[in-house]
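The next block holds one structure in the form of structure tokens; read it before the comments.
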Amino acid sequence: MTDHESAPIVALTEAAKHFGPVRALDGVSLSVAPGDCIGLVGHNGAGKSTLVNLVNGGLAPSSGEIRFDTGGTALGAGVRSVFQELSLCPNLTVAENLRISHSALKGPGWRRPARAEIRQSLDTVFPDHGIDPDAEVDTLSIAERQMVEIAIGFAPRGTEARLVILDEPTSSLDAGIAEQLLAHVRRFCAGGGAVIFISHMLGEIFDVATRIVVLKDGKVVAERPADGFTRQGLVDAMGHVTAEEGETSETARSFGAEIVRSPEGLSAREGEVVGLSGLAGHGQAAALARLYLSRTSSWHARKAPEVVFVAGDRTRDGILPLWSILRNVSISILQQGARWGLVDRAAEEATAAEWKKRIGIRTDDVTNPILSLSGGNQQKVLFARALASSAPVIIMDDPMRGVDVGTKQDVYAMIRAEAARGRTFLWYSTETEEVCQCDRVFVFRNHEISAELTGADITEERILEASFEMQEAS
1 MTDHESAPIV ALTEAAKHFG PVRALDGVSL SVAPGDCIGL VGHNGAGKST
51 LVNLVNGGLA PSSGEIRFDT GGTALGAGVR SVFQELSLCP NLTVAENLRI
101 SHSALKGPGW RRPARAEIRQ SLDTVFPDHG IDPDAEVDTL SIAERQMVEI
151 AIGFAPRGTE ARLVILDEPT SSLDAGIAEQ LLAHVRRFCA GGGAVIFISH
201 MLGEIFDVAT RIVVLKDGKV VAERPADGFT RQGLVDAMGH VTAEEGETSE
251 TARSFGAEIV RSPEGLSARE GEVVGLSGLA GHGQAAALAR LYLSRTSSWH
301 ARKAPEVVFV AGDRTRDGIL PLWSILRNVS ISILQQGARW GLVDRAAEEA
351 TAAEWKKRIG IRTDDVTNPI LSLSGGNQQK VLFARALASS APVIIMDDPM
401 RGVDVGTKQD VYAMIRAEAA RGRTFLWYST ETEEVCQCDR VFVFRNHEIS
451 AELTGADITE ERILEASFEM QEAS
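Structure (structure tokens):
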């Protein structure tokens, strides 16, 4: 019996989920069998998160049917989820976080088997990870936290994982660590497991998926074996046409005076887009944080900010979860136009409406809570907040996490347009494709700048070379 002749682990028949008048999922039929790796793609707000929450039992369908081969619940069928928004408890250790989802760990000596189990899972998925099971999660980098979350998803936890849902699992990982995960996904599915793999990085989808499902407006608009799609065909099915090859290239531009200089040698000029690259956790984010704090930690209130920040870890550093979409956008411009300390509400609403349209924030009402948005749309709000301000310097810490390919192209175009007007961008990204769009790139290794690349030298090969071996001083 082949994998596809095996009984599906889960089967959805005309499943729908409505939130009031909003049809988040509208009649989806899908089955996942042992050996399947389903690449689930679609723009932000297409219904991907709602679909996986039906599969994992987090939501009940408004109509339709969901069946598991065990006849019971998602948990009993061995369904696991690793979410884009990290769900670890930061004040607990790595091993203690495993215990939360592992009810079989009981008694006074549970910590020893918990340490052993999470260490074994980390070793299996991420060889040479260097993560201490006794480390508190808030001491780990975002990449390490994502690795722990993934390892918990694949860990035995009393029963073997049969279907693991990975939602943007590589969004915080550098290329080398991401490849370790992709290799494990292939091994896991070859051994009879199944994976639903959600990613806006289409290369990863083609790398691991046996079948690709495209969602748009809550419906399946395309589904076939992965080799039945081309990259352009997949993007077209999602409903957005990417820029043609070479369309993003620019003629040489002149820049203004140097306006940024850090102690480690990071610099930027007016109108320049400066990239920070290298393996994750080698000091790029810390360098940007120090630079941002040096420009904002002042007792003297300023009418307009010198620098604004777009966070990649939006939950920790970006969104204001108790506020509306409008307030999350407008906080950067409240001082602009204020009179006698009073906010110009009309101007605030006009700004939010403008950026909702410009960057495509999917909501009917900007007064809705920020948490009503998908993760990718929350990230759009952070871009809107930064670009709506008058700050001449924009610092971006791996900001494209969880953002769909169409929105990425729109944001790239906005960055180039704002740079042409004289604004300066410092852009750390774990995606080499993004870094290669910059005017100048600083590669970090061991918390030092190992190379400064410009022009034709900004290539994946040169970046990797500088990431792994410090260039000798000339």
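With the UniProt record's numbering, the residue at position 268 of the sequence shown is 268, and numbering never jumps. We put the CB at the ideal spot given by N, CA and C, even for glycine. Note that this is a predicted model, so its numbers are computed, not measured.
Output the boundary residues of the beta strand (DSSP E) element that contains residue i.
i	result
residue 25	22-32
residue 449	448-454
residue 12	10-19
residue 99	Not the beta strand (DSSP E): residue 99 falls in the alpha helix (DSSP H), residues 94-100.
residue 458	Careful: residue 458 lies outside any beta strand (DSSP E) and carries neither H nor E.
residue 88	Neither: residue 88 is in no beta strand (DSSP E) and is coded neither H nor E.
residue 219	219-225
residue 165	163-167
Under DSSP, the alpha helix (DSSP H) around residue i begins and ends at which residues?
i	result
residue 327	325-330
residue 118	111-125
residue 440	Taken as a continuous stretch (DSSP letters only), residue 440 belongs to no alpha helix (DSSP H), being part of the beta strand (DSSP E) at 440-445.
So, are the CB atoms of residue i and residue j less than 9 Å apart?
i	j	result
residue 429	residue 277	yes
residue 218	residue 456	no
residue 80	residue 153	yes
residue 125	residue 97	no
residue 181	residue 205	no
residue 352	residue 325	yes
residue 318	residue 409	no
residue 78	residue 215	no
residue 401	residue 275	no
residue 209	residue 35	no
Expressed to the nearest angstrom, what Euclidean distance is found between the alpha-carbon atoms of residue i and residue j?
i	j	result
residue 199	residue 40	7 Å
residue 356	residue 362	8 Å
residue 460	residue 174	13 Å
residue 203	residue 232	12 Å
residue 292	residue 176	28 Å
residue 220	residue 107	47 Å
residue 416	residue 47	30 Å
residue 333	residue 446	37 Å
residue 132	residue 269	41 Å
residue 306	residue 122	42 Å
residue 396	residue 347	26 Å
residue 38	residue 392	43 Å
residue 9	residue 33	5 Å
residue 52	residue 259	46 Å
residue 196	residue 83	12 Å
residue 399	residue 187	30 Å
residue 145	residue 314	14 Å
residue 3	residue 228	For residue 3, the predicted structure reports a pLDDT of 43, less than 50, and the residue's modelled location is therefore unreliable. A value from the coordinates is still provided. When rounded, the distance between both Cα atoms is 19 Å.
residue 213	residue 120	32 Å
Spatial neighbours of residue i within its chain, please: CB distance less than 8 Å, with the 5 preceding and 5 following residues excluded, ordered by chain position.
i	result
residue 14	27, 28, 29, 63, 64, 65
residue 225	210, 211, 212
residue 261	267
Just grab the DSSP bridge partners of residue i for me.
i	result
residue 37	195
residue 425	273, 394
residue 263	None; residue 263 has no bridge partner.
residue 66	12
residue 353	Answer is none; residue 353 lacks a bridge partner.
residue 212	39, 224
residue 258	269
If you drop the 5 nearest sequence neighbours on each side, which residues of the same chain put their C-beta closer than 6 Å to that of residue i?
i	result
residue 452	442
residue 444	278, 282, 283, 284
residue 394	308, 386, 425
residue 161	78, 80, 154
residue 458	436, 441
residue 466	443, 450, 451
Near residue i, which residues of its chain fall below 7 Å by C-beta distance, leaving aside the five closest residues on each side in sequence?
i	result
residue 17	24, 25, 50, 54, 59, 61, 62
residue 99	105, 110, 114
residue 506	The first residue shown for the chain is 1 and the last is 474, placing residue 506 beyond what the model contains.
residue 301	Any answer about residue 301 is weak, because its pLDDT of 47 lies below 50 and its placement is not dependable; what the coordinates show is given next. Closer than 7 Å at Cβ, skipping near neighbours: no residue.
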